[in-house]
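Worksheet: the structure to be examined is printed underneath.
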Amino acid sequence: MAWVQFAGDVPNPNLTTFNTIFKNTYNAGGRVIRWWFHTNGTVTPGYDSSGKAQKIPQTHIDGVKAILNAAATNKVAINISLWSFDMLQGGESISATTLANNAALLSNDTNRQAYIDNYLTPLVTALKGTPGLYSYEIFNEPEGMSQSGWTTSGTRTTEAFIQKTVNWLAAAIHSADSTALVTNGAQTFDYCSGVSGKNNYYSDTALRNVGGKQNGTLDYYEVHYYASNGTSNSCFTHPASYWGLDKKLVMGEFAAAATDGTALADLYTKIYSTGYSGAWAWSYDADWRWPAMQTPMQNLYTAQKATIDSCP
1347 MAWVQFAGDV PNPNLTTFNT IFKNTYNAGG RVIRWWFHTN GTVTPGYDSS GKAQKIPQTH
1407 IDGVKAILNA AATNKVAINI SLWSFDMLQG GESISATTLA NNAALLSNDT NRQAYIDNYL
1467 TPLVTALKGT PGLYSYEIFN EPEGMSQSGW TTSGTRTTEA FIQKTVNWLA AAIHSADSTA
1527 LVTNGAQTFD YCSGVSGKNN YYSDTALRNV GGKQNGTLDY YEVHYYASNG TSNSCFTHPA
1587 SYWGLDKKLV MGEFAAAATD GTALADLYTK IYSTGYSGAW AWSYDADWRW PAMQTPMQNL
1647 YTAQKATIDS CP
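Following this note's numbering, the numbering of the sequence shown begins with 1347 at its first residue and continues without gaps.
Given below as C-alpha cells:
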C-alpha cells in the first residue's frame, strides 16, 4: 500500500483509511501488506540540533502500534519499510537540512548508531510481539540513491554505505527482537542475484564483509520488477529458482497490469506457481491503484484457498 500520507502516516495515522485498505486486502485473499514508514525522513524519525536522530517519542510508537493493531483486527500483517531512496531525493518538501542528516545517517557511523540507539532499537523493542507485525524492510530501492542511481537532489551515497546500513540496521533489529524477520527491497535482480553477470549485494557474505555485524543479514529477499527493467530481470519469464538465491524470495513491487505475456488476472497466480514466496503489487493508492490488483489476488486466493487460510 506504500502510504496513506507520504512520509506522514505517523504519529497520527488515518485509521479509517487504513482499516478500509486492510479489509479490502483481506477480502481479496491478501495477508501481508507493505507499508512505508520514514520514507524520506521529513516527519520521522526527527533530528536534533547536531543532526542525529532524536530519541523516539512515545507518539511515534503509538502511531505504528495503532496501524499494526488495525491490521491485526482485519487479519492481515504489515511489512514495515523503514526508508526509501527518497531520503536523498529532492521534492516532497524535504529540506536541505533533512537531506544532509539523512546522508549522514547513511555514511557516518556515529550518526547511524544514534539512529539505532535512539530510535530503531526502542521501536523494535516496543513492537516485539505486537499482533499485525510481519517483518521489517530496511530500504525501498536504495540503489536509486547510489552513485549510479536516479535521485535528483545532488546528494548520492555509495553501494557500500547502503550495504553497511542494511547490515547495521538488520543487526539492531535482530538483537532487539530475535524473532523479527528482516528484508530489503532491491530495485531489480541486478542487485540481488549472482546469475548472468548480476551481483547479490545483499547476501549474508556481502553484508557481513562490508558492515561487520554477523547477525546483520536478511531473513528473506525482496526484489522489484517492472517491464522497463528488461526481461532479464523478469519474474514473469523466470521462475524463482532461476535466480540462484539461498533464501525465500518475495516480489515486492510489480505493476498491476499485463506484463511480459502474463495477463493482469493471472499475475499473482503466475508468481505463486513459479516458486516465489510472496507478491506485493504496486500499489493500492499510487499508479496502478486499487482495484487493479483485486481480481488477480482473488484468483490466486480462489485457487489456493486452503493454503492461504492456513497462514498464521
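From the three backbone atoms N, C-alpha and C, an ideal C-beta is built for every residue, glycine too. Values in this document were obtained by computation on a predicted structure and should not be read as measured data.
TODO: Following the continuous alpha helix (DSSP H) through L1361, name the residue where it begins and the one where it ends.
DONE: L1361 to N1373
- Task: Decide if the stretch 1604-1622 is in contact with the stretch 1636-1647; the criterion is three or more beta carbon pairs, one per stretch, under 8 Å apart.
- Result: yes
Identified DSSP bridge partners for V1569:
A1532 and M1597
Item checked: H1570 versus G1590: straight-line alpha-carbon distance, rounded -> 16 Å
Is A1601 buried or exposed, if buried means 16 or more other CB atoms sit within 10 Å of its CB? buried
Next on the checklist: How far does the alpha helix (DSSP H) with I1402 in it extend, from its first residue to its last?
Outcome noted: I1402 -> no alpha helix (DSSP H), and no H or E assigned at all.
| task | Taking only the alpha-carbon atoms, compute the straight-line gap between D1655 and A1423 and give it to the nearest angstrom. | result | 14 Å
Own chain partners of A1632 with C-beta closer than 7 Å, once the 5 adjacent residues on each side are dropped
A1348
Whole-number beta carbon distance between G1490 and F1535, since they are thought to touch under 8 Å: Between G1490 and F1535 the Cβ distance is about 16 Å, and since that is not below 8 Å, they are no contact.
Exercise for the section: Please state whether DSSP places L1428 in a helix, a strand or coil. Expected result: strand
| Taking the runs of the beta strand (DSSP E) that are 3 residues or longer, which of them lie wholly in the stretch 1464-1519? | 1479-1486
(message) For P1357, which residues in the same chain have their Cβ closer than 6 Å to its Cβ, ignoring the five residues on either side in sequence?
(response) T1405, H1406 and G1409
_Can you check which of these residues, A1604, A1603, G1576 and Y1567, is closest to S1587 by C-alpha distance?_
Y1567
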